[in-house]
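Protein chains in written order, with my numbering: chain A, 63 to 168; chain B, 63 to 168; chain C, 63 to 168. All C-beta atoms, glycine included, are put in the ideal place defined by N, C-alpha and C. First comes the structure, then the notes that go with it.
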Amino acid sequence: MTDIVEIHVTCPTLEGARELSHGLLDGRYAACCHIGKEVDSRYLWQGKKERHDEWPLTIKTRADLFDTCCEAIRKHHPYETPAIVGFAVDHVDAATAEWIAEVTKA
Amino acid sequence: MTDIVEIHVTCPTLEGARELSHGLLDGRYAACCHIGKEVDSRYLWQGKKERHDEWPLTIKTRADLFDTCCEAIRKHHPYETPAIVGFAVDHVDAATAEWIAEVTKA
Amino acid sequence: MTDIVEIHVTCPTLEGARELSHGLLDGRYAACCHIGKEVDSRYLWQGKKERHDEWPLTIKTRADLFDTCCEAIRKHHPYETPAIVGFAVDHVDAATAEWIAEVTKA
Numbered sequence: 063m064t065d066i067v068e069i070h071v072t073c074p075t076l077e078g079a080r081e082l083s084h085g086l087l088d089g090r091y092a093a094c095c096h097i098g099k100e101v102d103s104r105y106l107w108q109g110k111k112e113r114h115d116e117w118p119l120t121i122k123t124r125a126d127l128f129d130t131c132c133e134a135i136r137k138h139h140p141y142e143t144p145a146i147v148g149f150a151v152d153h154v155d156a157a158t159a160e161w162i163a164e165v166t167k168a
Numbered sequence: 063m064t065d066i067v068e069i070h071v072t073c074p075t076l077e078g079a080r081e082l083s084h085g086l087l088d089g090r091y092a093a094c095c096h097i098g099k100e101v102d103s104r105y106l107w108q109g110k111k112e113r114h115d116e117w118p119l120t121i122k123t124r125a126d127l128f129d130t131c132c133e134a135i136r137k138h139h140p141y142e143t144p145a146i147v148g149f150a151v152d153h154v155d156a157a158t159a160e161w162i163a164e165v166t167k168a
Numbered sequence: 063m064t065d066i067v068e069i070h071v072t073c074p075t076l077e078g079a080r081e082l083s084h085g086l087l088d089g090r091y092a093a094c095c096h097i098g099k100e101v102d103s104r105y106l107w108q109g110k111k112e113r114h115d116e117w118p119l120t121i122k123t124r125a126d127l128f129d130t131c132c133e134a135i136r137k138h139h140p141y142e143t144p145a146i147v148g149f150a151v152d153h154v155d156a157a158t159a160e161w162i163a164e165v166t167k168a
């Protein structure tokens with residue numbers, strides 16, 4: 063296991079995904095953010111099936127910045143409960159690990 | 063590590079991915095299913111390189127429902143061996159964890 | 063935890079992603095490669111925010127082939143430091159595990 067985490071969250075608009083990325087990069091909370099093409103999101107909410115187009119955001123940062131990223135995401139996200147999940151990176155090449163440590167907030 | 067898992071499987075048609083999502087949500091085997099844009103899938107099968115367009119399905123649910131989801135996926139999936147993999151979610155914010163526990167089958 | 067890993071890397075061109083896939087499959091370093099639709103990639107590099115369209119490549123293989131895949135990726139990738147990360151697959155159904163073990167290099 064490394065000390066790097068990949069965080070996944072979805073946004074209801076492309077513009078919102080872009081703004082969130084800038085907030086995370088400007089604050090040096092994350093090393094990179096990938097905004098994917100919209101996904102067809104189907105989920106259970108208050109007893110009903112809901113369906114929305116959402117833009118997936120994939121964030122790479124240090125594991126010890128997960129909570130800071132969650133806070134920043136919740137502050138700027140329009141949902142009451144944005145689903146935020148983080149995956150520990152198990153394998154990484156040395157150059158990538160060095161880059162992530164270097165560009166993110168001490 | 064949390065008790066949440068993210069399951070990845072691909073489907074040969076968009077319609078098939080939608081039907082699979084509904085089956086998983088209706089059975090409350092999963093809290094949410096994201097159907098992504100089609101991917102260019104290249105793989106080794108019976109000694110040859112194969113290429114297909116496939117629709118990726120990303121499923122969030124409780125880890126103890128992984129096998130149940132696999133069963134449901136295999137029952138409805140046209141492939142003999144759909145590649146089904148699950149990743150333990152290492153970090154999650156409390157509100158997301160509560161939501162997943164609440165909406166999935168006890 | 064299984065002995066399977068999912069590797070993520072992005073490529074600056076679709077053609078590059080295809081060539082990389084073929085190199086990995088031809089060498090039997092990987093069982094399958096999914097090339098996704100381009101992502102809007104934003105990242106910190108040498109003190110500045112950079113933005114590029116990149117094609118995400120998702121690679122499934124055995125965990126003990128991670129370093130071999132990294133070597134092959136770096137050899138064919140145009141970036142000086144391609145960000146290569148690997149996630150241990152925690153859950154897999156037996157048929158998928160058997161297939162990956164069978165088609166990848168001993």
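Exposure label - residue i; buried when at least 16 CB within 10 Å
i: residue 150 of chain C; result: buried
i: residue 117 of chain B; result: buried
i: residue 77 of chain A; result: exposed
i: residue 142 of chain B; result: exposed
i: residue 155 of chain A; result: buried
i: residue 93 of chain B; result: buried
Rounded separation between residue i and residue j - CA only
i: residue 132 of chain B; j: residue 64 of chain B; result: 20 angstroms
i: residue 95 of chain B; j: residue 160 of chain B; result: 17 angstroms
i: residue 113 of chain A; j: residue 144 of chain A; result: 15 angstroms
i: residue 167 of chain B; j: residue 108 of chain B; result: 38 angstroms
i: residue 165 of chain B; j: residue 97 of chain B; result: 19 angstroms
i: residue 157 of chain B; j: residue 89 of chain C; result: 45 angstroms
i: residue 140 of chain C; j: residue 130 of chain A; result: 33 angstroms
i: residue 91 of chain A; j: residue 137 of chain B; result: 43 angstroms
i: residue 152 of chain B; j: residue 68 of chain B; result: 10 angstroms
i: residue 134 of chain B; j: residue 110 of chain B; result: 29 angstroms
i: residue 79 of chain C; j: residue 125 of chain A; result: 28 angstroms
i: residue 66 of chain C; j: residue 87 of chain A; result: 32 angstroms
i: residue 128 of chain C; j: residue 99 of chain B; result: 27 angstroms
i: residue 115 of chain B; j: residue 146 of chain B; result: 17 angstroms
i: residue 162 of chain C; j: residue 148 of chain C; result: 16 angstroms
According to DSSP, residues forming a beta bridge with residue i
i: residue 151 of chain A; result: Beta-bridge pairing links residue 151 of chain A to no other residue.
i: residue 104 of chain A; result: A:113 and B:95
i: residue 122 of chain C; result: C:68 and C:94
i: residue 73 of chain C; result: C:117
Any C-beta of chain F under 8 angstroms from that of residue i
i: residue 82 of chain B; result: Of the chains in the structure shown, none is chain F; the protein chains are A, B and C.
Between the segment 94-103 of chain C and the segment 66-78 of chain C, can you find at least three pairs of beta-carbon atoms closer than 8 angstroms? The answer is yes - the segment 94-103 of chain C touches the segment 66-78 of chain C, with three or more Cβ pairs under 8 angstroms.
If you measure beta-carbon to beta-carbon, which residues of the segment 122-149 of chain B are closer than 7 angstroms to chain C? 128, 132, 143, 145, 146, 147, 148 and 149
Is the segment 115-127 of chain C touching the segment 76-85 of chain C, taking contact as three or more C-beta pairs under 8 angstroms? yes
Can you list, in chain order, the residues of the segment 106-121 of chain C whose Cβ is nearer than 8 angstroms to any Cβ on chain A? Cβ contacts with chain A: 106, 107, 111, 116 and 118.
For the segment 64-79 of chain B, list every residue whose C-beta sits within 9 angstroms of some C-beta in chain A, in sequence order. 64, 66, 68, 76 and 79
Can you list, in chain order, the residues of the segment 90-105 of chain C whose Cβ is nearer than 9 angstroms to any Cβ on chain A? 98, 99, 100, 101, 102, 103, 104 and 105
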